[in-house]
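J.: Numbering (our numbering), first residue to last: 21 to 1151. Positions of the beta carbon are idealized from the N, C-alpha and C atoms, including for glycine.
1) Is residue 445 near the ligand ADP, with its Cβ less than 7 Å from a heavy atom?
2) Just to confirm before moving on: does the CB-CB distance between residue 734 and residue 708 stay below 8 Å?
3) Which whole-angstrom value describes the C-beta separation of residue 84 and residue 208, a residue pair presumed to lie in contact below a C-beta threshold of 8 Å?
4) Go to residue 513, then tell me how far its alpha helix (DSSP H) extends in each direction, as first and last residue.
5) In this structure, what does DSSP give as the bridge partners for residue 585?
6) Would you list the one or two residues that DSSP bridges to residue 597?
7) Since residue 528 sits in a beta bridge, which residues does DSSP pair it with?
8) Which whole runs of the beta strand (DSSP E) in the stretch 441-494 are 3 residues long or more, in chain order?
9) Shortest alpha-carbon distance to residue 349 belongs to which of 366, 468 and 404?
10) Quick one, are the C-beta atoms of residue 248 and residue 257 less than 8 Å apart?
11) Report, in whole angstroms, the separation of the C-beta atoms of residue 658 and residue 451, which I expect to be a contact under 8 Å.
12) Measure the C-alpha to C-alpha separation of residue 567 and residue 631 and round it to an integer number of angstroms.
13) Which residues mark the beginning and the end of the alpha helix (DSSP H) in which residue 710 is found?
14) On the DSSP letters alone, give me the boundaries of the alpha helix (DSSP H) that residue 909 sits inside.
15) In the DSSP assignment, the beta strand (DSSP E) including residue 624 goes from what residue to what residue?
16) To the nearest angstrom, report how far apart residue 232 and residue 795 are at their CA atoms.
17) Kindly indicate which three-state DSSP category residue 215 falls into: helix, strand or coil?
18) Residue 577 by DSSP, collapsed to three states: which one?
19) Could you give the first and the last residue of the continuous beta strand (DSSP E) run that contains residue 235?
20) For the stretch 483-497 and the stretch 675-690, state whether three or more C-beta atom pairs, one from each stretch, are separated by less than 8 Å.
21) Beta-carbon within less than 6 Å of residue 913's beta-carbon, same chain only, minus the 5 sequence neighbours each way: which residues are those?
22) Among the candidates 284, 57 and 444, whose CA atom is the shortest distance from the CA of residue 766?
23) In chain order, what residues of the same chain lie with their CB nearer than 6 Å to the CB of residue 682, ignoring the 5 residues before and after it?
24) Classify residue 757 as helix, strand or coil using the three-state DSSP reduction.
25) For residue 483, tell me which candidate among 992, 812, 1016 and 591 has the shortest Cα-Cα distance.
26) Excluding five sequence neighbours on each side, which residues of the same chain lie with their C-beta closer than 7 Å to the C-beta of residue 259?
27) Rounded to a whole number of angstroms, what is the C-alpha to C-alpha distance between residue 723 and residue 783?
28) Closest to residue 369 by CA distance: which of 115, 1026 and 849 is it?
29) Kindly indicate which three-state DSSP category residue 895 falls into: helix, strand or coil?
30) Kindly indicate which residue of 1010, 211 and 1037 has the alpha-carbon position closest to the one of residue 1216.
31) Whole angstroms is fine: what's the gap from residue 977's alpha carbon to residue 984's?
32) What residue does the beta strand (DSSP E) around residue 93 start on, and which one ends it?
33) Which of helix, strand or coil does DSSP assign to residue 286?
34) Closer than 8 Å is the cut-off here; do at least three beta carbon pairs connect the stretch 961-969 with the stretch 825-833?
35) Terminal residues of the continuous beta strand (DSSP E) containing residue 810?
36) Have a look at residue 745 and residue 238 and give me their C-alpha separation to the nearest angstrom.
Pasting the structure below:
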């Protein structure tokens, strides 16, 4: 097969815009149909879809796939891990120690350099002094390799998650005359694709047919205004842009790297490679295309472009950062004091007590002591900071994300997992989330009669039936259809918009096939289509008759369209005047009874435009959508999902308030809310419509007041006839409110394009995987693959489980840190040496903590998590019960350690390890101290499984096999270290009776834990909780006032920016976050075109005042902003 159009020719064509593109198409091809012919495709039937044809097109024009940026190599991750300041200090000290260890001054000089340098009779031991420095270096290498491997494995896992998201993306195309959905990556040049409201265009193309098609191109051009597309004005469609209104068909002309988005990303990747080759010290060089194509972001730092700022810091992140600050400061102070005390004591003992004269020959020995003291100080700092915490957070989140997929939660942003566990409120859509989203017409008002059950076709006058069926057939999107059931005896499949499917099903129930009408009137013959949008709130289709007259069919919310009707069809097919009084009677007698049963009410109407009246001005919608003739009213049933009432009951039991925010009728919404359990009979909670809601929250100047909003939202349970702006206002008001003792953490569900701002503003945004638009999905944090409210409850369980898992690890980790720091500090001050050596500390602090993070972060969630209230935004990360456990176990461990340290040699009848000279051999005494310390941590790890004061710490332990294996593995490794670790680990092999005593003292942690549990937590009210009152950090995306920006940024963040060089854990957390964010943005096929830029215009659009239509005809009231708010009637 030969194509009469080259790849380069198409690329050049797609670079044109507006009138220039129309002129070029006419000059080169005549029209789009001729271009289709050159590409061997049909504008009506599309490609034939044979595999040979698809392969040939892929070879000629490329695949619709943009290769992701290469992941960081393992060596690069190792280099990043080496940037940790404390590791660098430790390495330098170890190298210095290693170098000095090879200096062996003569014995007579050593004898004259002080008591501390004497006493090593075994020259072999002295000569082996290099081992400690080498062991520290080896440990650092292990730390770096483990960190790099963790980063590499996380990056690999997150790539897998991102690929899953991308593979789920499908687009509607026409092949062989059939409308089908295929994966975006399978689209080829020559395909005929259908674009509809809310779509994200996957390839470049040229419009063949458009119905009021408007595109948001801000992601490419920076212009926030929506661009109207048509065959004769601007037919160019670009990949990565969003359909904001209307629908249409287009010919795919460029895919993958040859599309406009692909060309830009290729240039960016080339620029990145160039920068990497130059190894620029500062990443400030910007590729010109990025600046040119992203003007909305050009004032920002380049590194911020690569990793766009998140809209909010998660609740847990804020608390962890604040706590890391507190721990880091304390660790730095203790480490500095340790080094200072060691140096001062050494100087006093050597020069004042022993009165050793200063000698240059002793200088290398003194330096060796200073290096030893410095290593001890750095080790204390290393131990003070919870090194395993970022790993525990990452493991817990990654594990949860993987498991949540099975519960129909596709997590796009990792921090959404734990944030959901803190949720105090859920603002849910009705359709599809609380209901089954399988709509059926069950009642109708037609020809002057109200049918509680569907009428037989012979009960409806033939003229009215013909108008009704034709109106349904042509005025529903041609992408909506009823398909045969997948299994024999099953329900017919509804494809497309569910409301429209209900109407098409109604047509079939009347024994009339809508497809016959569509065959007679294909989409190309529709004269004009007014598609649904947020301002119009209805859909209309205009047909041109043979005599030059026009007929327009309209459908929309009943109480809105009825106001625009001046006539109504009655039996036997005649029309009669439809006055205001008639409208009110029909609403009371038909619409309200339908709505009270939970039915969605839709009005079907039409209008004729006779030739005598001349050609109407089709752009003047205010004068087009009036003087309608009502055909019928239908009541559409969307049953409540059977599992929803129980799920809402669980939410309420868990302290989460569920609110329904819907575009449906207030009576319908109230009825569904009662069925779901959101409202109980006799409740005094508020049910408002958008109009009244806006009146109550605006002051006399027309501004929204937080105080007015605070009087409403706590009691609000149903917000009906709401617009996207109303939803955003409610969510923002709840998050900003301080009226309740507990700050609100709000989750929101949304499916429409204009739900984007509310989804982004919410702490957690849930998009509908089935009914949701691409724009809504991109604005969300989690995608519900089954559109089911029950899946949100599962997300709450997993979120709380993540939070608890991290709290469990914190309880364990901080106990280790408190004890290790105090032992190291006190031991250094009293004995001039740390009982726990640097290598031992690294084993305890990193290797063992890595295992503990994996063990405690992989606990399974249980229903019991829903029996407690949410922690909320301000509650401390470490509870008083956890503090009681931390300090309680620290007291036991310190008592045991210090007893062994100062009296252990007498208890076990062994040589003392205290006051050992430089390069002294490993002692059984200090080995027992180290062994008991580690075994107490191992048994305390079992205690750490419970953080709410439960006594049975073994409950469910065998349900987590990872925990069991890690516990056993840690014990095995500890045995190997003690018996065979030797000089590198400063250990001496222990006898069996010594081992039994060590195990007994370690097991005592479990017994002591029962005693600690018995102490009332109320006794600890005087303690200040770490991380308490941490506010959520908000980073504005747009151009906000600088003062406001400074107010919104958390104070802890400023402190961290000043001291981050000294805070090991904070550096780790930043590294982990960078890996996640860099991964997420590097693998996206639309890198640089996603948020915040790609959603800027959507954000502005939804926050700008809606377009209101004003009625110039007083007798026929038109839709206004508030009455029009039926967001869920997506027609």
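T.: According to the structure data:
1) In terms of ligand content, the structure shown is empty, and the ligand ADP therefore cannot be addressed.
2) Residue mapping note: residue 734 aligns to position 714 of the chain shown, counting from 1. Residue mapping note: residue 708 aligns to position 688 of the chain shown, counting from 1. Inclusion of residue 734 and residue 708 in the CB contact set at 8 Å is not warranted, their separation being larger than that value.
3) Along the chain shown, one-based indexing puts residue 84 at 64. Along the chain shown, one-based indexing puts residue 208 at 188. Right, the Cβ-Cβ distance comes to about 7 Å (below 8 Å), so this counts as a contact.
4) The residue you call residue 513 lines up with position 493 of the chain shown. Run containing residue 513: none in the alpha helix (DSSP H); it sits in the beta strand (DSSP E), 513-515.
5) Here residue 585 refers to the residue found at position 565 of the chain shown. Residue 585 is bridged to 648.
6) Walking along the chain shown from the start, residue 597 turns up at place 577. Per DSSP, 587.
7) Within the chain shown, numbered from 1, the residue matching residue 528 stands at position 508. According to DSSP, which records beta bridges pairwise, residue 528 is partnered with nothing at all.
8) Whole beta strand (DSSP E) segments, 3+ residues: 445-448, 460-466 and 469-471.
9) For the purposes of this step, residue 349 is taken as the residue at position 329 of the chain shown. Residue 349 has its Cα closest to that of 404, out of 366, 468 and 404.
10) Start at 1 with the first residue of the chain shown, and residue 248 comes out as number 228. Start at 1 with the first residue of the chain shown, and residue 257 comes out as number 237. The Cβ atoms of residue 248 and residue 257 lie no closer than 8 Å to each other.
11) By one-based count along the chain shown, residue 658 stands at place 638. By one-based count along the chain shown, residue 451 stands at place 431. Correct: roughly 6 Å between the Cβ atoms.
12) Locating residue 567 in the chain shown gives position 547, where the first residue counts as 1. Locating residue 631 in the chain shown gives position 611, where the first residue counts as 1. Roughly 8 Å between the two C-alpha positions.
13) As a working mapping, residue 710 is identified with position 690 in the chain shown. Looking at the DSSP string, the run of the alpha helix (DSSP H) that includes residue 710 is 710-717.
14) Reading the chain shown from its first residue, position 889 is the one you call residue 909. Residues 900-928.
15) Sequence index remark: in the chain shown, residue 624 carries index 604 (1-based). 620-629 is the extent of the beta strand (DSSP E) around residue 624.
16) Here residue 232 refers to the residue found at position 212 of the chain shown. Here residue 795 refers to the residue found at position 775 of the chain shown. Going from the Cα of residue 232 to the Cα of residue 795 covers about 19 Å.
17) The residue given as residue 215 occupies position 195 in the chain shown. DSSP places residue 215 within a strand segment (E or B) once states are collapsed to three.
18) Translated into the one-based positions of the chain shown, residue 577 becomes position 557. Residue 577 falls in the strand class under three-state DSSP.
19) Within the chain shown, residue 235 is the residue found at index 215, counting from 1. Residues 224-236.
20) Judged by Cβ distances under 8 Å, the stretch 483-497 makes no contact with the stretch 675-690, as fewer than three pairs qualify.
21) Within the chain shown, residue 913 is the residue found at index 893, counting from 1. Taken in chain order, the residues that qualify are 839 and 956.
22) Here residue 766 refers to the residue found at position 746 of the chain shown. It is 444 whose Cα lies nearest to the Cα of residue 766.
23) The sequence position of residue 682 within the chain shown is 662, counting from 1. Closer than 6 Å at the Cβ level, and outside the excluded window around residue 682, lie 450, 689, 740 and 1148.
24) One-based indexing of the chain shown puts residue 757 at position 737. The answer is coil: DSSP assigns residue 757 none of H, G, I, E or B.
25) Your numbering for residue 483 matches position 463 in the chain shown. Nearest Cα to residue 483 within the set 992, 812, 1016 and 591: 591.
26) Here the question's residue 259 lines up with position 239 in the chain shown. Excluding residues up to 5 positions away in sequence, 221, 222, 223, 224, 279, 280 and 281 lie with their Cβ nearer than 7 Å to the Cβ of residue 259 in the same chain.
27) Within the chain shown, residue 723 is the residue found at index 703, counting from 1. Within the chain shown, residue 783 is the residue found at index 763, counting from 1. Spanning the two alpha carbons is a distance of roughly 24 Å.
28) Numbered from its first residue, the chain shown carries residue 369 at position 349. Here the closest residue by C-alpha is 849.
29) As a first step, residue 895 is located in the chain shown; it is residue number 875 there, counting from the start. Here residue 895 sits in coil by DSSP.
30) Summary: the structure shown does not reach residue 1216, with the chain confined to residues 21 through 1151, and so no result is reported for it.
31) In the chain shown, counting from the first residue as 1, residue 977 sits at position 957. In the chain shown, counting from the first residue as 1, residue 984 sits at position 964. Cα to Cα, the separation comes out at about 7 Å.
32) Taking the chain shown and counting its residues from 1, the one referred to as residue 93 is at position 73. That residue, residue 93, is in no beta strand (DSSP E); it is neither H nor E in DSSP.
33) Locating residue 286 in the chain shown gives position 266, where the first residue counts as 1. Correct three-state label for residue 286: helix.
34) Between the stretch 961-969 and the stretch 825-833 there are three or more C-beta pairs closer than 8 Å, enough to call the two in contact.
35) Within the chain shown, numbered from 1, the residue matching residue 810 stands at position 790. First-last for residue 810: 809-851, but that is the alpha helix (DSSP H), not the beta strand (DSSP E).
36) Within the chain shown, the letter at position 725 stands for residue 745. Within the chain shown, the letter at position 218 stands for residue 238. Their Cα atoms are separated by approximately 21 Å.
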